[in-house]
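Peer 1: The numbering of the sequence shown is the numbering used here, which starts it at -2 and goes up by one. Glycine included, C-beta positions come from ideal geometry on N, C-alpha and C.
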Amino acid sequence: MYQPLTSLTRDQQLEKLQLNSNNTIWDMIVVGGGITGAGILLTASQAGLKVLLIEKQDFAWGASSKSSKMVHGGLRYLGSGQYTMTKDAVTEREKLLNELPGLVNPLQFLMGHYKYQFPGPFIFNSLLTIYDWIGGKRNHRYINNGIADFHVPGIEQHQLRGATQFADAVTDDARLVMRVLQEAQELGGTVMNYLSADILLKQELKTEPKTTEQVTGIRVEDQVSGQQFNLTAKVVINATGPWTDKLRQQLQAKKAIRPLRGSHLIVPSWRLPLAYSVSYFHPEDKRPIFAFPWENSTVIGTTDLDHDDLEQQPCISQNEVDYLLSGINKQFPQAELSEADVISTYAGIRPVVSNNASENSKNDVKKTKPSDEKREHSIWNEQGLISVAGGKLTTFRLIALDVLKVAQHYLPDMNLVDLQTAKLFTAITVTPPTDSYLNQQQIQRLKSHYGSHYSHLLNHARHDELKLIGSTNTSLAELKWILQHEMVVHLDDLLLRRSRIGLLLPKGGEQLFTQLQHLCQTILEWDDQHWQHELARYQDIIQRYYGLPQQRFDIATFSDDLPRVVAH
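The structure is reproduced here in structure tokens:
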């Protein structure tokens, strides 16, 4: 029977992995806890495999919590002739909208058309006609400039000819990862965060006319306790995003990943109130950028730049801040947004597969502009290590199916036929408590975020704990549930990924620290020293990686001097 992720049993789960490591052969070990790895875990679990997923940091720690939050068909890819990619993405978007309402939600887009700007209304609407045909329904219309200003007050009026309205979808990317992991666990999948895959284990195979090495497992290290042990598998899947080449290079594989950084600003919705996602071209380089409503705030993005340092978390640069602010103020001149309006920032690294990937990217000239790189996924099968990178959040299920097709070489009894059309998520039939005082939209959100366990969450929550925190959609009851059941090891796991409070409230949710101290000490059994250490660590992360660049000069270097302990 399915047991929810639980931080209280993380140490027992780790102990179980260690005790059984010498006599357990996994069908598959997935390295990487982002949306790609989670999708592979779920699909492999649906196929009946004995599968383990491990993640060096926290689940969705990388780009899967720092994406543009869009579940979209990739209209711009259609414009560059990538029809198959667009078709797949539109199909998967519709599947997610149907299966996860409340977590994947429709979002209306509006694109203004200005004189002398390409593409004009005719070309753009022609593309959207194809886009809608792929999706099987008409989702766009052209509106004149007066109506455009009505729908999006404050939009730049100079030389505005009109606008096109069309539909896509938006999500909470980190919560989507957690929901996929939960579904996989229900089917028998095993997950572990803060467990790194350091060394590939290999065995010599004698095949004519030469002897070759085959990957048979991995040596792992628990990032909390420092314990190391070996895990054995019939096949190892490398789904580590921008870090894909790190494992591949243990097999002397050629570098294939070009890491590209995409940075974003979050401002309060009252400073830029939007009912639509507004797409526009930046006046500096004519790149398409956007601003859209998300979690009662407004997100402005994104950039597309080479990123070479994979040892540290990515963060926005001052040039990117200036670029995004100048673009949004050109599109909404009356808003006059400035750095003082920014609640938080975030930056994710896209693992783009490129012929321009190089060993020394600082010295090599890259011929292709970052925004011109193709975004399709690629798969490498190298001596029992199957690596996958690239692709879109929207198509994670199709990427997983492609990976499993390659893995059939090592798992010939695996049957994938029924998975092509299978549902990803279990239908929820549990009814909510009649006295929960939540509206239908709130109940739908809890269903989609927590699956069938939403009813358990509500049954164990006091009415006052269901009150939403600040301007967010998150309640104290959810934070308690997360601490009890979702493998929280650090404070940033709770506030930046399981919930998004750290992004949506000033100073990373400083107003909640007193309440959070009580919860963490009660549920996770942190003493005062542990809490103070976690609080200092979290505040350092917020300032360095989720704040404005100028804030980084005001902080001292954080020292992680707390002795390693086994997490609860």
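1) As a quick exercise: from R347, V233 and P270, pick the residue whose alpha carbon is nearest that of T299.
2) Grouping DSSP H, G and I as helix and E and B as strand, with all else coil, what is V414?
3) Would you say A397 and I37 are within 9 Å of each other, going by their C-beta atoms?
4) Whole angstroms are fine: how far does the CA of A344 sit from the CA of T365?
5) Measuring CB to CB, does Y535 end up less than 9 Å from P311?
6) Is T342 buried or exposed, if buried means 16 or more other CB atoms sit within 10 Å of its CB?
7) Skipping 5 residues on each side, what residues in its chain have a beta carbon closer than 6 Å to that of L125?
8) Give me, in chain order, the residues of the same chain whose beta-carbon lies closer than 7 Å to that of R549; leave out the 5 immediate sequence neighbours on both sides.
9) Only counting the same chain, and skipping five residues up and downstream in sequence, which positions put a Cβ closer than 8 Å to that of E462?
10) Considering just the uninterrupted stretch of the beta strand (DSSP E) at F289, what are its terminal residues?
11) Would you mind sorting L16 into buried or exposed? The rule is 16 or more other CB atoms within 10 Å of its CB.
12) Return the Cβ separation of Q349 and L244 in integer angstroms, given the expectation that the two are a contact with Cβ distance under 8 Å.
13) Can you name the start and end residues of the beta strand (DSSP E) that A166 belongs to?
14) How many angstroms separate the CA atom of Q328 from the CA atom of M67?
15) At which residues does the alpha helix (DSSP H) containing L93 begin and terminate?
16) Where P270 and H148 are concerned, what is the direct C-alpha to C-alpha distance, given to the nearest angstrom?
17) Which same chain residues, not among the five before or five after S193, have their C-beta less than 7 Å away from its C-beta?
18) Cα separation between G387 and R268?
19) Would you kindly work out how many angstroms separate the C-alpha atoms of G186 and I22, rounded to a whole number?
20) Would you kindly report the start and end of the unbroken alpha helix (DSSP H) that includes D461?
21) According to DSSP, is L509 helix, strand or coil?
22) When the Cα of Q249 is compared with those of E210, K283, P280 and G223, which residue comes out closest?
23) Out of L488, G78, Q154 and F115, state which residue places its alpha-carbon closest to the alpha-carbon of N326.
24) Quick one: grab the DSSP three-state call for L480.
25) Output needed for V563: all residues of its chain with C-beta closer than 7 Å, excluding positions within five of it in sequence on either side, in chain order.
26) Using a threshold of 9 Å, state whether the C-beta atoms of D369 and A230 are closer than that.
27) Alpha carbon to alpha carbon, how far is D129 from R135?
28) Using only the alpha-carbon positions, how far apart do F289 and D319 sit?
29) Could you check where the beta strand (DSSP E) with T229 kicks off and where it finishes?
30) Once you ignore the five residues that flank H279 on each side, which residues in its own chain have a CB closer than 6 Å to its CB?
Peer 2: Taking the geometry as given:
1) Checked all of R347, V233 and P270; the closest Cα to T299 is R347.
2) Residue state, collapsed to three classes: helix.
3) Yes, the Cβ-Cβ distance between A397 and I37 is below 9 Å.
4) For T365 and A344, the distance between alpha carbons rounds to 22 Å.
5) The Cβ atoms of Y535 and P311 lie no closer than 9 Å to each other.
6) Burial call: buried.
7) Excluding residues within five positions, the ones whose Cβ falls inside 6 Å are H137 and F163.
8) Correct list, in chain order: Q540 and R541.
9) By the criterion of a C-beta distance shorter than 8 Å, E462 is surrounded in its chain by S472, L473, A474 and K477, once the five residues flanking it on both sides are discounted.
10) Here the beta strand (DSSP E) through F289 covers P285 to W291.
11) So L16 ends up on the exposed side.
12) Note that residue 349 is Val in the sequence shown here, rather than Gln. That belief does not hold up - the Cβ atoms of V349 and L244 are roughly 18 Å apart, past 8 Å.
13) Element bounds for A166: L157 to T168.
14) The C-alpha of M67 is placed about 21 Å away from the C-alpha of Q328.
15) Segment Y80 to E96, the alpha helix (DSSP H) holding L93.
16) When rounded, the distance between both Cα atoms is 11 Å.
17) Excluding sequence neighbours, S193 sits near K53, V217, E218 and Q220.
18) So the two alpha carbons sit approximately 35 Å from each other.
19) So the two alpha carbons sit approximately 14 Å from each other.
20) Bounds of any alpha helix (DSSP H) do not take in D461, whose DSSP letter is neither H nor E.
21) Three-state DSSP puts L509 in a helix.
22) Closest option to Q249, Cα to Cα, is E210.
23) Closest by alpha carbon: Q154.
24) Helix.
25) Note that V563 scores a pLDDT of 36, beneath 50, so its modelled location is shaky and nothing firm can be said.
26) Not in contact: D369 and A230 (Cβ atoms no closer than 9 Å).
27) Taking the straight line joining both Cα atoms gives about 5 Å.
28) Each residue's CA atom was taken as its position, placing F289 and D319 some 18 Å apart.
29) Element bounds for T229: Q225 to N235.
30) Taken in chain order, the residues that qualify are I286 and G324.
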